[in-house]
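For reference, the structure is listed below as structure tokens.
Number of protein chains: 2
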Amino acid sequence: MDELDLKILALVQDDARQTAERISDLIGLSPTAIQKRLKKLRDSKIIQKEIAVLDPGKLGQTMTAVVEVSLERENLSVLDAFKKRMRNAPQVQQCYYTTGEADFILVVVVKDIKAYETFTHEYFFGTPEISKFKTSIVMDRVKVSLNVDIQK
Amino acid sequence: MDELDLKILALVQDDARQTAERISDLIGLSPTAIQKRLKKLRDSKIIQKEIAVLDPGKLGQTMTAVVEVSLERENLSVLDAFKKRMRNAPQVQQCYYTTGEADFILVVVVKDIKAYETFTHEYFFGTPEISKFKTSIVMDRVKVSLNVDIQK
DNA sequence: CTTGAAAAAAAATTAGA
DNA sequence: TCTAATTTTTTTTCAAG
Chain A
1 MDELDLKILA
11 LVQDDARQTA
21 ERISDLIGLS
31 PTAIQKRLKK
41 LRDSKIIQKE
51 IAVLDPGKLG
61 QTMTAVVEVS
71 LERENLSVLD
81 AFKKRMRNAP
91 QVQQCYYTTG
101 EADFILVVVV
111 KDIKAYETFT
121 HEYFFGTPEI
131 SKFKTSIVMD
141 RVKVSLNVDI
151 QK
Chain B
1 MDELDLKILA
11 LVQDDARQTA
21 ERISDLIGLS
31 PTAIQKRLKK
41 LRDSKIIQKE
51 IAVLDPGKLG
61 QTMTAVVEVS
71 LERENLSVLD
81 AFKKRMRNAP
91 QVQQCYYTTG
101 EADFILVVVV
111 KDIKAYETFT
121 HEYFFGTPEI
131 SKFKTSIVMD
141 RVKVSLNVDI
151 QK
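Residue numbers (the UniProt record's numbering), protein chains in the order written: chain A, 1 to 152; chain B, 1 to 152.
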């Protein structure tokens, strides 16, 4: 992992489709070398995966919410069960287990407010371990990325 | 946009590197047809972009925080200026402008607590428009994706 | 590391139903 | 629209310096 690797990573985390030749032009290293490094970065799982980012709005998913969830009593099995449910919930884009007032903070993407209500009913109401949850509705998705700060 | 497109999208939002041939095997359509559809989905920006997802930990970024930020007075120029700063801040992975107690909710990824302190000093303290902010430190990144719920 | 060549694979294009 | 064949591009692998 040297500075050239970091430069490559900085480029591909914004655009994974650019060719090794283009990257070569940008950072001054032969296309072959770029490819070898990319392979290493993939094999070592520094590059976890390469994904397509879809436009939620164009898929009819027009509502995003950030939800803070508090559990009743925090025992391990309840915690693990909740994590598993969140991982399997298609509406849940992200789930963080956190310190602070709430236990979990979620990013939820759904069709509309009605679909959000359905989501809360399925996952929150009727789940006695959940003591409360607080919803913040997103008015503007100012910045949405999975980018990591890459510097020397 | 038919059901086949949705199936393709569901596949590529998890793995953008699989070939048209593989997708073809999975959903039963010729590789050429897959490619044409993918091109359309890219051109229409339903597929916004294709990116490499990096492992923050392996890049020395071991701390994630969710931050709720409240502004003093919400006037448009202050709002826009803050949005712009967040978009340009490399530590800020995500920024949402929301209803509720806070005005903004951020996901911040940094090296460690010290780097987080540096971040708050640069972006929050000494910014009079910010009335307060509340930090929740992430103990477990239970689910981190940009996936959209795709169903028929 | 580089360049160059070659092979394999994938993507883009074209033509025909 | 789709499929099938062709061409182009890209990736991968290899050898030599």
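Yeah, the Cβ is synthetic: ideal placement off N, Cα and C, and Gly gets one too.
This structure is a prediction, so every number in the text was calculated from the model and none was measured.
- Annotated three-state conformation of A/LEU146 is coil, per DSSP.
- For the segment 63 to 75 of chain A, the set of positions with a beta-carbon nearer than 9 Å to some beta-carbon of chain B reads THR64, ALA65, VAL66 and GLU68 in chain order.
- If you draw a straight line from the Cα of A/ILE34 to the Cα of B/PRO128, it comes to about 45 Å.
- When C-alpha distances from A/ASN88 are compared across A/SER24, A/VAL138 and A/GLU122, the shortest belongs to A/GLU122.
- Close to B/LYS45, with beta-carbon spacing below 8 Å, are these residues of chain A in chain order: ASP55 and LYS58.
- Of the residues assessed, B/LYS84 falls on the exposed side of the cut-off, its CB having fewer than 16 other CB atoms within 10 angstroms.
- The criterion of a C-beta distance shorter than 8 Å is satisfied by B/VAL107 and B/GLN93.
- Not a single CB atom of chain A sits nearer than 8 Å to the CB of B/ALA33.
- Only exposed fits A/GLU74, as fewer than 16 other CB atoms lie within 10 angstroms of its CB.
- Contact note: A/ARG22 does not reach chain B at a C-beta cutoff of 7 Å; the least C-beta distance is about 14 Å.
- Sequence-distant Cβ neighbours of A/GLU72 in its own chain, meaning closer than 6 Å and more than five residues away, are GLU129 and SER131.
- In its chain, beyond the 5 residues on either side, ILE105 have a beta carbon closer than 6 Å to the beta carbon of A/TYR96.
- Annotation: the continuous beta strand (DSSP E) that includes B/PHE104 extends over 104 to 110.
- Contact of B/ILE27 with chain A by beta-carbon distance below 7 Å is absent, the smallest such distance being about 15 Å.
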